[in-house]
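Before any comments, here is the structure.
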Amino acid sequence: MTKHDLLIAASTIWVVVTAVLVMFMQAGFAFLEAGLTRMKNAGHIAGKNVLIFGICSIVYWAIGFGFAFGGGGLLIGTEGFFPSVTTLIAVGKAPFDWFSEIPAAAGYLFEVVFAGVSLAIVWGAMAERAKLWVYFAFGIWFTITYSIVSHWIWSPNGWLFKGTLTGGVGMQDFAGSTVVHFQGALAALAGALILGPRIGKFGKDGRAHPIPGHNIPFAVLGTLILWFGWFGFNPGSTLSVDFGGMGYFAYVALTTNIAAAAGAVTGIVIAWLKLGKPDISMMLNGVLAALVAITAASGFVAPWAAIVIGLVSGWIAVAGVLFVERIGIDDPIGAVAVHGMSGVWGTLATGLFAVPALASNLATGTGGLVYTGSFHQRGVEALGLVAVGGFTFSASFGSLWVMKRLWGIRVEPETETAGLDVSEHGMWGYPEFYIPVPGGYGTESHGHLGLSHGQAHPAPAPAVTSAAAEPAPG
2 MTKHDLLIAA
12 STIWVVVTAV
22 LVMFMQAGFA
32 FLEAGLTRMK
42 NAGHIAGKNV
52 LIFGICSIVY
62 WAIGFGFAFG
72 GGGLLIGTEG
82 FFPSVTTLIA
92 VGKAPFDWFS
102 EIPAAAGYLF
112 EVVFAGVSLA
122 IVWGAMAERA
132 KLWVYFAFGI
142 WFTITYSIVS
152 HWIWSPNGWL
162 FKGTLTGGVG
172 MQDFAGSTVV
182 HFQGALAALA
192 GALILGPRIG
202 KFGKDGRAHP
212 IPGHNIPFAV
222 LGTLILWFGW
232 FGFNPGSTLS
242 VDFGGMGYFA
252 YVALTTNIAA
262 AAGAVTGIVI
272 AWLKLGKPDI
282 SMMLNGVLAA
292 LVAITAASGF
302 VAPWAAIVIG
312 LVSGWIAVAG
322 VLFVERIGID
332 DPIGAVAVHG
342 MSGVWGTLAT
352 GLFAVPALAS
362 NLATGTGGLV
372 YTGSFHQRGV
382 EALGLVAVGG
392 FTFSASFGSL
402 WVMKRLWGIR
412 VEPETETAGL
422 DVSEHGMWGY
432 PEFYIPVPGG
442 YGTESHGHLG
452 LSHGQAHPAP
462 APAVTSAAAE
472 PAPG
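Listed below in structure tokens is the structure:
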């Protein structure tokens, strides 16, 4: 076996392992989103992560991978649809010759889990009121939209990529602050606007009422799983063990970690100062916002810049969630602020802080404003944000608007009040709270509650609301 063969074997193992880490982020989203919504929707919210990843995986194999990386021109890939065995086991051969040190199958696996994460973000802002069939229809549509933008920024043929084939403009987005997170947040915003707020979220005076999540420990666990999964997300984006230098992925892991740490500290401190209490949910917001922001910059910036990016993200997490709610948008998971606003910040911050030597080593773009005094890279990042923002939001809003007009995408008020677990699936995430269960709440096993089964949560009830809002993390 030659040295090159060993490199391919090592890189393939590395990419598959990191792909599995990114896939595990679906578990993080399931815990996070279920914990930050009401128990009457917990099963539905958690279970949709399995459904959407299944839909995404099939669509991405059939056409998405080809649209993203299958040769083609400046705007879209035109080859590699329904890839065969021969195509998938080949290394560095058309139509997926961009994957020069791993088989195309490993490339597919790594890229599809990214698409799945972006799709998971969408439903956070649409939680607790969207019909189940919309997951199928919009899941297919968004996977295609996502793949097209992936081609723009990550394919050597894409118009925003600095490739020798196109002389592209060189947008720096190492692991997807724009491709994954900004896109997901744009579609989430479109869905939240079209669906409207949940019943009881806003009063007649326009003031937000709290609809607190039912399980903060679930949300904490979900955040820790996502933080863990991000060590596949960013370091795995090297796509080989020697990209940027042997073991360079370890440096990417370092910048990822310290940015998240800075976001955690800043999120809880800003919440303490602004809200008068060290809000746990805002600490979680800070972690996730920082991870989103460092995703674009993780391969390009120095450690001090990663901390700055995390600190600013912690502030964005708190201020952004409150702002979105203040303007009347109901985003139960905080996707618009955490993935959208912080995704914008992370993309622009790359244009500020990119180290020229790292940009040269990675052969993508140029040094940032702080090092070069030039606004060129900052302008490239802004151009990419505007282009992706216009395309993805328009495509998402337009498709959801058509679905709404033709078939309706929001559940009926009585369905929303009863909860999607029982209404959509005929079951409960927490059956003991709603139906008689031997040994459940209200029986002798829980006699300390002082309730009979007939009294213990006989039916799902509408959310209790009050004057102060409880922001939830992304």
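Following the numbering used here, the numbering of the sequence shown begins with 2 at its first residue and continues without gaps.
All C-beta atoms, glycine included, are put in the ideal place defined by N, C-alpha and C.
- Between the stretch 181 to 193 and the stretch 9 to 16 there are fewer than three inter-stretch CB-CB distances shorter than 8 Å, so the stretches are not counted as touching.
- Here residue 246 has 362 as same chain residues with Cβ atoms under 8 Å from its own Cβ, once five neighbours each way along the sequence are excluded.
- Taking C-beta atoms under 8 Å as the contact rule, residue 107 and residue 97 fail to qualify, at a distance of about 10 Å.
- If you draw a straight line from the Cα of residue 137 to the Cα of residue 432, it is about 26 Å long.
- Counting only the Cα atoms, residue 120 lies some 7 Å from residue 143.
- The beta carbons of residue 291 and residue 315 sit closer together than 9 Å.
- By the Cβ neighbour-count rule, residue 85 is exposed, with fewer than 16 other Cβ atoms within 10 Å of its own.
- Judged by beta-carbon spacing, residue 214 lies within the 9 Å limit of residue 39, meaning their Cβ atoms are closer than that value.
- In the pairwise beta carbon analysis, the stretch 271 to 291 is classified as not touching the stretch 145 to 161: fewer than three pairs are separated by under 8 Å.
- Across the structure, residue 251 and residue 404 are spaced so that their CA atoms are roughly 45 Å apart.
- Taking the C-beta atoms as reference points, residue 9 is found no nearer than 9 Å to residue 90.
- Assignment of beta-bridge partners to residue 414 by DSSP yields no partner.
- Annotation for residue 331: 193, 198, 199 and 202 place their beta carbon closer than 7 Å to its own, counting only its chain and skipping 5 residues before and after.
- Each of 428, 439 and 420 was checked against the Cα of residue 41, and the nearest Cα belongs to 420.
- Using a Cβ distance threshold of 9 Å, residue 348 and residue 183 count as a contacting pair.
- Rounded to whole angstroms, the separation of the alpha carbons of residue 173 and residue 365 is 6 Å.
- For the 9 Å CB-CB criterion, residue 402 and residue 195 form a contact.
- The Cβ-Cβ distance between residue 223 and residue 33 falls below 9 Å.
- Per the DSSP secondary-structure output, residue 131 pairs in a beta bridge with 411.
- A buried status is given to residue 45, since no fewer than 16 other beta-carbon atoms sit within 10 Å of its beta-carbon.
- By the C-beta density criterion, residue 375 is exposed, having fewer than 16 other C-beta atoms within 10 angstroms.
- For residue 312, the enclosing alpha helix (DSSP H) stretches over residues 304 to 327.
- Our two residues, residue 99 and residue 256, have alpha carbons roughly 26 Å apart in a direct line.
- When DSSP assignments are scanned along the stretch 46 to 101, the uninterrupted stretches of alpha helix (DSSP H) that are 4 or more residues long and fall wholly within it turn out to be 66 to 70 and 86 to 90.
- A distance below 6 Å between beta-carbons, with the five flanking residues on each side excluded, links residue 71 to the following residues of its chain, in chain order: 78, 80, 81 and 96.
- With contacts defined as CB atoms closer than 9 Å, residue 318 and residue 306 fail to qualify as a contacting pair.
- Residue 187 has its alpha-carbon roughly 42 Å from the corresponding atom of residue 6.
- The beta carbons of residue 289 and residue 340 sit closer together than 9 Å.
- Under DSSP, residue 104 shares a beta bridge with 92.
- If you draw a straight line from the Cα of residue 293 to the Cα of residue 178, it comes to about 6 Å.
- Around the beta carbon of residue 58, 16 or more other beta carbons lie within 10 angstroms, which makes this residue buried.
- Counting only residues of its own chain and dropping the five nearest sequence neighbours on each side, residue 342 has a CB closer than 7 Å to the CB of 317 and 321.
- Look at the stretch 174 to 241 and you find these whole runs of alpha helix (DSSP H), each 4 residues long or longer: 184 to 196 and 217 to 234.
- Between residue 249 and residue 171, the CB-CB gap reaches or exceeds 9 Å.
- With respect to the C-alpha of residue 26, the residue from 234, 216, 93 and 382 having the closest C-alpha is 234.
- Counting only runs of at least 4 residues, the stretch 347 to 426 fully encloses the following alpha helix (DSSP H) elements, listed from N- to C-terminal order: 357 to 363, 370 to 373, 377 to 407, 414 to 419 and 421 to 426.
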